[in-house]
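These notes concern the structure reproduced below.
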Amino acid sequence: MHMHWSERLGEALSPASLLDFGLKLLPKFLAIAIIILLARILLRLGYLLTERFLKAREGKGHLEERKYETLQHLANSILRYLVYFVAGVTILDTVGVSVASVLAGAGIAGLAVSFGAQNLVRDIITGFFIIFEDQYAVGEYISIGEFSGIVEEIGLRITKLRAFAGDLHIIPNGSITQVTNYSRGNMRALVDIPIAYEEDIDEALAVLEETSRELAEKIPEIVEGPHVLGVADLGPAGAVLRVIAKTRPMYQWGVERQLRKELKEALDRNGIEIPYPRQVVIMAGEAKEH
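Residue numbers are given in numbering that gives the first Met the number 0: position 287 of the sequence shown equals residue 286, and the series is strictly consecutive.
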């Protein structure tokens with residue numbers, strides 16, 4: 000005789016059946032609890048090691064505060080996802096779920112999504128290496144492809160540049176293949192001073208040499224020079240004399256402007272003219288008289 004469903008349910012929910020079921024599941028529950036506990040311990044330990052490593056680099060001056068915070072957040076996120084993934088796979092295996100079949104199903108379902116996420120993953124990975132390798136920092140002047148400007152923000156996915164005209168360039172990190180950093184090491188200030196062909200070049204060079212020695216003491220942003228290189232070019236209206244100096248990063252443009260002003264005033268004081276357009280006008284009446 001077949002048992003009624005209510006009788007089967009009653010038998011399944013009997014104290015003896017529940018006790019037997021609980022005893023069978025108890026080892027698995029304990030194993031899952033241990034896995035979760037170990038995962039939390041590994042995360043705590045990983046966070047601590049990451050913080051100590053980055054703090055040591057920050058203490059040596061290798062990391063700015065912004066880079067330290069970004070790297071710590073990134074490292075903790077990667078560690079967290081890795082530990083959670085391993086713990087999840089271990090728990091599935093503990094309860095008897097085939098991990099291979101789950102991953103195969105997830106792979107088929109997420110195939111289309113993976114193509115759309117490729118650019119995002121590439122941006123994040125590139126952003127990580129930009130920050131970790133210290134390629135550039137906030138406040139530095141750089142060029143990325145056709146864009147140049149001051150770095151306003153470095154994210155894991157994008158970099159923001161503020162051009163001198165005020166334009167804000169938002170560049171995905173994954174598209175960055177070449178970076179030129181103008182803010183690392185001493186910069187060069189270059190000034191070309193034209194003088195008329197009628198002037199004495201040696202006298203003009205002597206004036207520039209003397210003025211350059213004075214400016215070396217006057218302009219604190221100059222770390223080397225200024226040096227008068229001599230005649231750099233012969234233009235249509237005069238000779239071009241070149242002066243260069245090494246400056247602190249990001250001060251080269253201001254130093255160039257100050258050098259032009261001071262050197263021009265020095266030439267004026269010594270009666271040395273720069274070339275300027277000249278036009279000779281001959282009146283018709285005057286031509287007939289002559």
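Just so it is clear, CB atoms sit at the ideal spot from N, CA and C, and this is done for glycine as well.
Nearest candidate by alpha-carbon position, reference Gly138, set Val227, Ser147 and Asn172: Start at 1 with the first residue of the sequence shown, and residue 138 comes out as number 139. Checking every option, the nearest Cα to that of Gly138 belongs to Ser147.
Every unbroken beta strand (DSSP E) inside the stretch 152–191 [3 residues or more]: Those beta strand (DSSP E) runs which fall completely within the stretch 152–191 and span 3+ residues are 157–161, 167–171 and 178–180.
Per-residue burial, Pro276 [other beta carbons within 10 Å of its own, 16 or more giving buried]: Reading the sequence shown from its first residue, position 277 is the one you call residue 276. Burial call: exposed.
Environment of Met186 [buried if 16+ CB atoms lie within 10 Å]: Here residue 186 refers to the residue found at position 187 of the sequence shown. Per the 10 Å Cβ criterion, buried.
Assumed close pair Leu240, Ile194 - CB separation to whole angstroms, cut-off 8 Å: For the purposes of this step, residue 240 is taken as residue 241 along the sequence shown, with counting starting at 1. For the purposes of this step, residue 194 is taken as residue 195 along the sequence shown, with counting starting at 1. Going by Cβ atoms, the distance from Leu240 to Ile194 rounds to 6 Å, so yes, they are a contact pair.
C-alpha gap between Tyr196 and Leu189, whole angstroms: Locating residue 196 in the sequence shown gives position 197, counting from the first residue. Locating residue 189 in the sequence shown gives position 190, counting from the first residue. Straight through space, the alpha carbons of Leu189 and Tyr196 are spaced by roughly 22 Å.
Inter-residue Cα distance where the pair is Leu214 and Tyr250: Position 215 of the sequence shown, counting from 1, holds the residue named residue 214. Position 251 of the sequence shown, counting from 1, holds the residue named residue 250. One Cα belongs to Leu214, the other to Tyr250, and the distance between them is close to 15 Å.
Between the CA atoms of Glu255 and Glu198 - distance to the nearest angstrom: Here residue 198 corresponds to residue number 199 of the sequence shown, with the count starting at 1. Here residue 255 corresponds to residue number 256 of the sequence shown, with the count starting at 1. Rounded to whole angstroms, the separation of the alpha carbons of Glu255 and Glu198 is 24 Å.
Glu223, DSSP secondary structure in three states: The count along the sequence shown starts at 1 and reaches residue 223 at position 224. Strand, per DSSP.
Coil, strand or helix - Asp232 by DSSP: Stepping through the sequence shown from its first residue, residue 232 is reached at position 233. Correct three-state label for Asp232: strand.
Candidates Val150, Tyr80, Val222 and Val206: closest to Asn180 by CA position: Stepping through the sequence shown from its first residue, residue 180 is reached at position 181. Of Val150, Tyr80, Val222 and Val206, the smallest CA-CA separation from Asn180 is found for Val150.
Beta-carbon spacing of Thr93, Ile31 below 9 Å: Counted from its first residue, the sequence shown places residue 93 at position 94. Counted from its first residue, the sequence shown places residue 31 at position 32. Closer than 9 Å, so yes.
Within 9 Å, strictly: CB atoms of Asp191 and Ala164: Position 192 of the sequence shown, counting from 1, holds the residue named residue 191. Position 165 of the sequence shown, counting from 1, holds the residue named residue 164. When the beta-carbon positions are compared, Asp191 and Ala164 stay at least 9 Å from each other.
Burial state of Asp122 (16 or more Cβ within 10 Å): Residue mapping note: residue 122 aligns to position 123 of the sequence shown, counting from 1. Buried, by the Cβ-count rule.
Residues that Val150 bridges to, as DSSP identifies them: Within the sequence shown, numbered from 1, the residue matching residue 150 stands at position 151. Residue pairing of Val150 in beta bridges, as defined by DSSP: Leu160.
Beta-carbon gap between Val206 and His226 smaller than 9 Å: By one-based count along the sequence shown, residue 206 stands at place 207. By one-based count along the sequence shown, residue 226 stands at place 227. Inclusion of Val206 and His226 in the CB contact set at 9 Å is not warranted, their separation being larger than that value.
Cβ pair Ala244, Glu264 closer than 9 Å: Within the sequence shown, the letter at position 245 stands for residue 244. Within the sequence shown, the letter at position 265 stands for residue 264. Contact: no.
Simplified DSSP state of Ile218, which is helix, strand or coil: Along the sequence shown, one-based indexing puts residue 218 at 219. Here DSSP, grouped into helix, strand and coil, assigns Ile218 to coil.
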